[in-house]
Structures are given as C-alpha cells and as structure tokens.
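Numbering (the numbering used here), first residue to last: 1 to 153.
No residue lacks a Cβ here, since even glycine has one placed at the ideal position from N, Cα and C.
What follows is a short report on a single structure.
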C-alpha cells in the first residue's frame, strides 16, 4: 500500500525552509505566511533550534478570537510550543495518523539535528492522489494497449 511508504519520497529537500524568530510580531509572521502561501511557520531560536510552530489555527484561536493586537503580540506568546516532529522515514500513513490524533495539519520533518522542512495534510493527500492517478493510467495502458489473443475458429 502506498501509505506505508516513507514521506521522504515526496519531501522537497531543495526548497526553502520558511521560519521566523520567536520575537517576531504576529502581524509580520502572518504576512510571511501569506507571502509564501503557507499555512504554518516554523519558529526558530538563533536560526537553528526549533522552538515552536505558528499556524493559521493559532492565528485564529489565540490572536483574533482573544482580541490581541497582532502588531504588538510576539509570535512566542501564541505559537504552539509542543511541536511534534517526524523523521523523513516516517510512513505517510503514520504521518496522517499523527495529524488526525493530534488535530494538526502540519508536521516538521527532521533527522537528528537536520531540519528538512515541513509537510502538510494537503501535501500528503495531493501526493496520494497523484500516485493513484498514475496507477490508473498505467492500468488503462495495460488494458487498452495489450492486443487481445486471436482464437481459432
């Protein structure tokens, strides 16, 4: 089954990791997310230590609904600091289970001290959709391109 295969198969290791510092105002963090068209932002201390993640849900639940001033509130005050991180060898199915069990949509991916990036629920589902479409295409080619045997008589 495709979901048993590791997330390393679709993780873009050549992409830019978008992050910000804990002191960054929420307004600036939201602008960065909008600029990069992403739903979450990694929060890094000294450009190397992952200390949190700030998501659209954090923005809604901890800033907007609480009436905080996004220009005066540092992202440190409203980020999720209990970050779940997975390995690039974690299966796609396991990543989906972790997301579902923890009600999250984004997972940082790291091995030892190396941060590879972040995957989203949308990334996994899009990859699975593409894999299924490719499999369907291959099956159609097998059926339609293979000549039928001629029977005597």
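| Asked | Found |
| --- | --- |
| Min CB distance residue 139 to chain B below 8 Å | Included in the structure is just one protein chain, with no chain B present. |
| For residue 142 and residue 85, the rounded distance between their alpha carbons | 41 Å |
| Every unbroken beta strand (DSSP E) within the stretch 16 to 96, with a cutoff of 3 residues, ordered by chain | 40 to 45, 49 to 55 |
| Pairwise C-alpha distance: residue 19 and residue 68 | 22 Å |
| Range covered by the beta strand (DSSP E) that runs through residue 155 | The question about residue 155 has no answer here: the residues shown for the chain are numbered 1 through 153. |
| Residue 63 beta carbon less than 8 Å from that of residue 22 | no |
| Spatial distance of residue 135 from residue 114 (CA atoms) | 33 Å |
| Buried or exposed (CB count within 10 angstroms, at least 16 for buried), residue 139 | exposed |
| First through last residue of the beta strand (DSSP E) which encompasses residue 107 | 106 to 111 |
| Among 122, 27, 15, nearest to residue 72 - alpha-carbon criterion | 27 |
| Buried or exposed by the 16-neighbour rule on C-beta atoms within 10 Å, applied to residue 166 | For residue 166 there is no data in the structure shown, the boundaries of the chain being 1 and 153. |
| Residue burial classification, residue 1 (beta-carbon count within 10 angstroms, cutoff 16) | With a pLDDT of 49 at residue 1, under the threshold of 50, the modelled position of this residue cannot be trusted; read the value that follows with caution. With fewer than 16 Cβ atoms within 10 Å of its Cβ, residue 1 is classed as exposed. |
| Exposure of residue 40, with buried meaning 16 or more beta-carbon neighbours within 10 Å | buried |
| Cβ-Cβ distance between residue 32 and residue 52 below 8 Å | no |
| Beta-carbon separation (whole angstroms), residue 7 vs residue 119, contact threshold 8 Å | 6 Å |
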